[in-house]
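A.B. asks: I am attaching a structure below and will ask some questions about it afterwards.
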Ligand SMILES: Cc1cc2nc3c(=O)[nH]c(=O)nc-3n(C[C@H](O)[C@H](O)[C@H](O)COP(=O)(O)OP(=O)(O)OC[C@H]3O[C@@H](n4cnc5c(N)ncnc54)[C@H](O)[C@@H]3O)c2cc1C
Ligand SMILES: Cc1cc2nc3c(=O)[nH]c(=O)nc-3n(C[C@H](O)[C@H](O)[C@H](O)COP(=O)(O)OP(=O)(O)OC[C@H]3O[C@@H](n4cnc5c(N)ncnc54)[C@H](O)[C@@H]3O)c2cc1C
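Chains as they are written, first to last, in my numbering: chain A, 1 to 345; chain B, 1001 to 1265.
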C-alpha cells in the first residue's frame, strides 16, 4: 500500500465543508452524533460552507433520514452489510473512501470507544493530523483554520492545536461537551447513499460475541443534575444516601474513581478524565476531594455544590457553593429541606 | 511468539501541581514513571510469554536518554530486550510522527503481537497505538481488557465499549491497546533489577539506525501535521460561597434559598 505523507504542499482549496462522522449502535443513532452536528453547524455557518453527516450501517435508511431533521445539508448514508456492526477495518476503509472522494475540510468524530479507535487510524491513512478529545472548537478569524482546544496532562494543561498544511483537519470530541443540534419538523437537506467497496477479507479482526453489560444504563451525559459520591462515603452502603438525594432531585448518581476502584459502585458511574465528562446544570460532590482527574470531567458544570468535611479540600476551590461538614449530617438535612419545600426541578 | 511492548516514560501527572502565581505547570521534582496502561501491557506480555514457552518480550520506548530508566524497569520486570529510540531529529513529534518513528523501529524487529497502552497520561490522546498499526498495515484491537492465545497464531481478546464487551478473534501479526484492567503489573525483583543493570542491554537507535525503514518526511516536528499553537492552564473558576461553622440545617437552608433565588431549582 502506498503510505501517506504529510506536509507535502497539498492544495488546501480543494477541500471544503464540515463533516461529522456519525455513530450508530444496533441501528440507533448515538446522541454524540447530534451533539457534533450542533457544533458542526456553527463551524459550517462561520465558514459559509455545508454541513454533512455520514452514517455507516445496513438497512437503517429510515434512521439515517432522521438526521435530516437536525440541520445537515447532506446526510451520507454509507450502506453495506459489512457495516452493520462496528469493525475497525470496515469502518476505517469506508470512511476513508468517502473522505478521499469528497474532500471535506473539517471532520469531527465522537471521542467514544469507536471514534477513538478509528479516528487515529483514518487520520493516519489519510496522512493528516488529529486532535484528541477537544472541548472547544473555533474558526480562526484570520486564516479560517480550525482552532482545536483540548486538555492534556490529566486536565492540568489546555492546548490549542492546529493542523496548518494537511486536510481534512480532524478532531475527536468527547460526548457531552457540545450542545445538541435542535430537532426541526421540516427537512432541509438531502440523503445520499454511498456504497463503499468492502469485502469480507478486509475485516481482519472478527467479532465472535457481544456481552452486554447487565447494569441499568446510567446516563450521565444527558443528566441535568448529578449527585456524586466519593471516598468520604466510606462504604458501598454510603451510596444509599447519595441515591436518596438523587431521587429527591430527579438526578443521576455519579462517583469518583476511588469508589469504583473500591468496588462500591459500577464504573459506568465514574466521572472524570478516565470516566465520563459531564456538564449538568447542577453537580453535587459529596465526600469527593477534587483531584484534578475528577475535576477534568465535571468542572464545566453550571453550578457546583461541594460537601466535604475538610475545609482545605481542592473541590472547594472550584465550587459555587460549599458546605464544610460531615456528609452524614448535611445530606439528610438537604433531603429534608428539599422534600419539605416540595421543590420540583 | 514475538511480543513487542511500547512503553512511554511519563511524568506522574497526579503529582503535577500548578504554580499559583504564574499559573504554569510545575514539572520539577515530578517523578517519571512508566505510563500506567503500558505497565499493564508489559505484564500482559509477560503472562503471554509464560503461556507460550519460547516467546520473547521486547520493550520499545521513544524518548530522551533518560527514558533508559523506564526501560531498565521493564527489563527488571522480566522483559528480554529493550530498545530506546532516541534522536534529536525525533523531537517535537505529534502522534502521526511518533507512530511513524516507532513503527519504523518495530519494522526492524520480529513481531507477532504488539501491545501498546490505550493512552499516555501526559499527551492523553490514545492515538499512537492505532496509528502504529496503520503504519505497519496490521489489524488492531483497542481497549483490550482480557487476552488469550488460541493455536499458533490467533488471539482471542475482550474489548471494552461503553455499554458492552466484544469478544474478538484476530490473527497475528496484530496490535492491541491495553487498558489498565488488562493485567496488574508485578513488582520487579531484586534479582531482576540486578540483571536489568548488569546483564541486560538497552539498545539505543537513532535516525541513522532507522534510515531504511523511516521516511524522513514523517518524523519530528517537521513531519508532524499538527502544531500546538498555544498552551495555557485553565483559569480556575475561583471559589464561590463556602459555608463553615454552621449547623447542617442552617448551611443547607442558606444554599437551597440561594439556588431558588437564582431560579436554579
Ligand atoms: C491516570 C489517572 C486517571 C484518573 N481518572 C480519574 C477519574 O476519571 N475520576 C476520578 O474521580 N478520579 C480519577 N483518578 C483518581 C484521582 O486521582 C483521585 O484518586 C480520586 O478522584 C479520589 O477520589 P475521592 O475524591 O473520592 O477520594 P479522596 O481523595 O480520598 O477524597 C475523599 C474526600 O472525602 C472527604 N470526607 C471524608 N469523610 C467525609 C465525611 N464524613 N463527610 C464529608 N466529607 C468527607 C475527605 O475530606 C476527602 O476530601 C485518576 C487517577 C489517575 C492516576
Ligand atoms: C499539550 C499537548 C497536546 C497535544 N495534543 C495532540 C493532539 O491533539 N494530537 C496529536 O497528534 N498530538 C498531540 N500532542 C503530541 C503528543 O502528545 C505526542 O505525539 C506524544 O509523543 C504521543 O502522544 P500521547 O502522549 O498522547 O500518547 P498516546 O497516543 O496516548 O499513547 C498511547 C500508547 O502509545 C504508546 N506510546 C506513545 N508514545 C510513546 C513513546 N514515546 N514511546 C513508546 N511508546 C509510546 C504507549 O504504549 C502509549 O500507552 C500533544 C502534545 C502536548 C504537549
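For glycine and all other residues, C-beta sits at the position ideal for the given N, C-alpha and C. Owing to the predicted nature of the structure, the values given are computational and were not obtained by experimental measurement.
1. How many Å lie between residue 50(A) and residue 139(A) at the Cα?
2. For residue 366(A), which residues in the same chain have their Cβ closer than 6 Å to its Cβ, ignoring the five residues on either side in sequence?
3. Is residue 110(A) helix, strand or coil when you go by DSSP?
4. Grab me the residues of residue 298(A)'s own chain with a C-beta within less than 6 Å of its C-beta, minus the 5 sequence neighbours each way, in chain order.
5. Return the first residue and the last residue of the alpha helix (DSSP H) that residue 37(A) is part of.
6. For the region 1067-1114 of chain B, which segments carrying the alpha helix (DSSP H) assignment without a break, of at least 4 residues, lie completely within its bounds, in sequence order?
7. Enumerated in chain order, which unbroken segments of the alpha helix (DSSP H) with a length of 4 residues or greater are wholly contained in the region 221-290 of chain A?
8. Opposite residue 1197(B) in the DSSP bridges: which residues?
9. Name the chain A residues that come within less than 8 Å of residue 1112(B), Cβ to Cβ?
10. Where does residue 317(A) fall in DSSP's three states?
11. For chain B, check one thing: does any of its Cβ atoms lie closer than 8 Å to the Cβ of residue 186(A)?
12. To the nearest angstrom, report how far apart residue 151(A) and residue 66(A) are at their CA atoms.
13. Looking at the secondary structure, which residues open and close the alpha helix (DSSP H) in which residue 90(A) lies?
14. Under 8 Å between the Cβ atoms of residue 1202(B) and residue 1084(B)?
15. Which whole-angstrom value is the C-beta distance of residue 94(A) and residue 198(A), which I expect to be below 8 Å?
16. Within the 8 Å Cβ cut-off, does residue 1261(B) reach chain A?
17. Under 7 Å from any heavy atom of ligand 1, does the C-beta of residue 235(A) make it?
18. What do you reckon, is the C-beta of residue 1102(B) under 7 Å from a heavy atom of ligand 3?
19. Does residue 34(A) pass the burial test, meaning 16 or more other C-beta atoms within 10 Å, or should it be called exposed?
20. 8 Å is my cut-off, CB to CB: does residue 1193(B) come that close to chain A?
21. By the three-class DSSP mapping on this structure, what secondary structure does residue 70(A) have?
22. Using only the heavy atoms of ligand 1, determine whether one of them is closer than 7 Å to the beta carbon of residue 278(A).
23. When burial is assigned at 16 or more other CB atoms within 10 Å of the CB, is residue 344(A) buried or exposed?
24. In chain A, which residues lie less than 7 Å from residue 1161(B) when you measure between Cβ atoms?
25. By the criterion of Cβ-Cβ separation under 7 Å, what are the contact partners of residue 1032(B) in chain A?
26. For residue 273(A), which option in 43(A), 62(A), 156(A) and 119(A) has the closest C-alpha, if you only look at C-alpha atoms?
27. With 8 Å set as the bound, which would you pick, yes or no: does the beta-carbon of residue 1221(B) sit closer than that to a beta-carbon of chain A?
28. Using a Cβ-Cβ cut-off of less than 7 Å, list which residues of the region 86-120 of chain A approach chain B; keep chain order.
29. Taking Cβ positions only, does residue 323(A) come closer than 8 Å to chain B?
30. Taking the Cβ atom as the reference point for each residue, do residue 290(A) and residue 315(A) lie within a distance shorter than 8 Å?
31. Would you mind reading off the limits of the beta strand (DSSP E) that contains residue 1031(B)?
32. Consider the Cβ of residue 219(A): report whether some Cβ of chain B lies at a distance smaller than 8 Å.
33. So if DSSP puts residue 189(A) in a beta bridge, which residue, or which two residues, is it bridged to?
34. Does the beta carbon of residue 1200(B) sit closer than 8 Å to a beta carbon anywhere in chain A?
35. Starting from residue 294(A), follow the alpha helix (DSSP H) in both directions and report where the run begins and ends.
36. Which whole-angstrom value is the C-beta distance of residue 1170(B) and residue 1141(B), which I expect to be below 8 Å?
C.D. replies: Reading from the atomic positions:
1. The residue given as residue 50(A) occupies position 50 in the first chain. The residue given as residue 139(A) occupies position 139 in the first chain. If I take the Cα positions, the gap works out to 15 Å.
2. Shown here, chain A extends from 1 to 345; a query on residue 366(A) therefore has no answer.
3. Taking the first chain and counting its residues from 1, the one referred to as residue 110(A) is at position 110. Three-state DSSP puts residue 110(A) in a strand.
4. Locating residue 298(A) in the first chain gives position 298, counting from the first residue. Same-chain partners within the cutoff: 271, 278 and 283.
5. Numbered from its first residue, the first chain carries residue 37(A) at position 37. Residues 31-47.
6. 1068-1077 and 1095-1106
7. 238-249 and 257-261
8. In the second chain, residue 1197(B) corresponds to position 197, counting from 1. Per DSSP, none; premise fails for residue 1197(B).
9. As a first step, residue 1112(B) must be located in the second chain, where it is residue number 112. By Cβ distance, chain A contributes nothing, its closest Cβ being about 14 Å from residue 1112(B), past 8 Å.
10. Translated into positions along the first chain, residue 317(A) becomes position 317. Of the three classes helix, strand and coil, the one that applies to residue 317(A) here is helix, per DSSP.
11. The sequence position of residue 186(A) within the first chain is 186, counting from 1. No, because no Cβ of chain B sits closer than 8 Å to the Cβ of residue 186(A).
12. Here the question's residue 151(A) lines up with position 151 in the first chain. Here the question's residue 66(A) lines up with position 66 in the first chain. Rounded to whole angstroms, residue 151(A) to residue 66(A) spans 33 Å at the Cα level.
13. The count along the first chain starts at 1 and reaches residue 90(A) at position 90. That run of the alpha helix (DSSP H) goes 88-102.
14. Numbered from 1 along the second chain, position 202 holds the residue referred to as residue 1202(B). Numbered from 1 along the second chain, position 84 holds the residue referred to as residue 1084(B). Closer than 8 Å, so yes.
15. For this step, residue 94(A) is matched to residue 94 along the first chain. For this step, residue 198(A) is matched to residue 198 along the first chain. At roughly 6 Å, the Cβ-Cβ gap stays under 8 Å, so residue 94(A) and residue 198(A) are in contact.
16. Numbered from 1 along the second chain, position 261 holds the residue referred to as residue 1261(B). Cβ-Cβ to chain A under 8 Å: no for residue 1261(B).
17. Locating residue 235(A) in the first chain gives position 235, where the first residue counts as 1. Answer for residue 235(A): no, Cβ out of range of ligand 1.
18. Only ligand 1 and ligand 2 can be found as ligands here, which leaves ligand 3 out of the picture.
19. Here residue 34(A) refers to the residue found at position 34 when the first chain is read from its first residue. Buried.
20. Here residue 1193(B) refers to the residue found at position 193 when the second chain is read from its first residue. False, the Cβ-Cβ gap to chain A never drops below 8 Å.
21. In the first chain, residue 70(A) corresponds to position 70, counting from 1. It is helical.
22. The count along the first chain starts at 1 and reaches residue 278(A) at position 278. No, the beta carbon of residue 278(A) sits no closer than 7 Å to any heavy atom of ligand 1.
23. Within the first chain, numbered from 1, the residue matching residue 344(A) stands at position 344. Confidence in residue 344(A) is poor, its pLDDT being 43 and thus under 50, which makes the residue's placement unreliable; the coordinate value appears in the next sentence. Answer is exposed; the Cβ neighbour count stays below 16.
24. Mapped onto the second chain, residue 1161(B) falls at position 161. Near residue 1161(B) (Cβ distances below 7 Å), the residues of chain A are 113.
25. Here residue 1032(B) is taken as the residue at index 32 of the second chain, counted from 1. Ordered by position in chain A, no residue passes the 7 Å Cβ test against residue 1032(B), which lies about 13 Å from the chain.
26. Stepping through the first chain from its first residue, residue 273(A) is reached at position 273. Checking every option, the nearest Cα to that of residue 273(A) belongs to 156(A).
27. Start at 1 with the first residue of the second chain, and residue 1221(B) comes out as number 221. It does not: the Cβ of residue 1221(B) has no partner Cβ on chain A nearer than 8 Å.
28. 88, 89, 112, 113, 116, 117 and 120
29. Along the first chain, read from residue 1 onward, the residue named residue 323(A) stands at position 323. Residue 323(A) counts as touching chain B.
30. The residue you call residue 290(A) lines up with position 290 of the first chain. The residue you call residue 315(A) lines up with position 315 of the first chain. For residue 290(A) and residue 315(A), yes; Cβs fall inside 8 Å.
31. Numbered from 1 along the second chain, position 31 holds the residue referred to as residue 1031(B). Looking at the DSSP string, residue 1031(B) is not in any beta strand (DSSP E), and its letter there is neither H nor E.
32. The residue you call residue 219(A) lines up with position 219 of the first chain. No, no contact with chain B.
33. Here residue 189(A) is taken as the residue at index 189 of the first chain, counted from 1. Residue 189(A) is not bridged to any residue.
34. Counting from one through the second chain, the residue named residue 1200(B) turns up at place 200. Taking Cβ atoms only, chain A never reaches closer than 8 Å to residue 1200(B), which makes this a no.
35. Walking along the first chain from the start, residue 294(A) turns up at place 294. Run containing residue 294(A): 292-295, per the alpha helix (DSSP H) assignment.
36. Counted from its first residue, the second chain places residue 1170(B) at position 170. Counted from its first residue, the second chain places residue 1141(B) at position 141. Contact flag correct, Cβ pair sits at about 6 Å.
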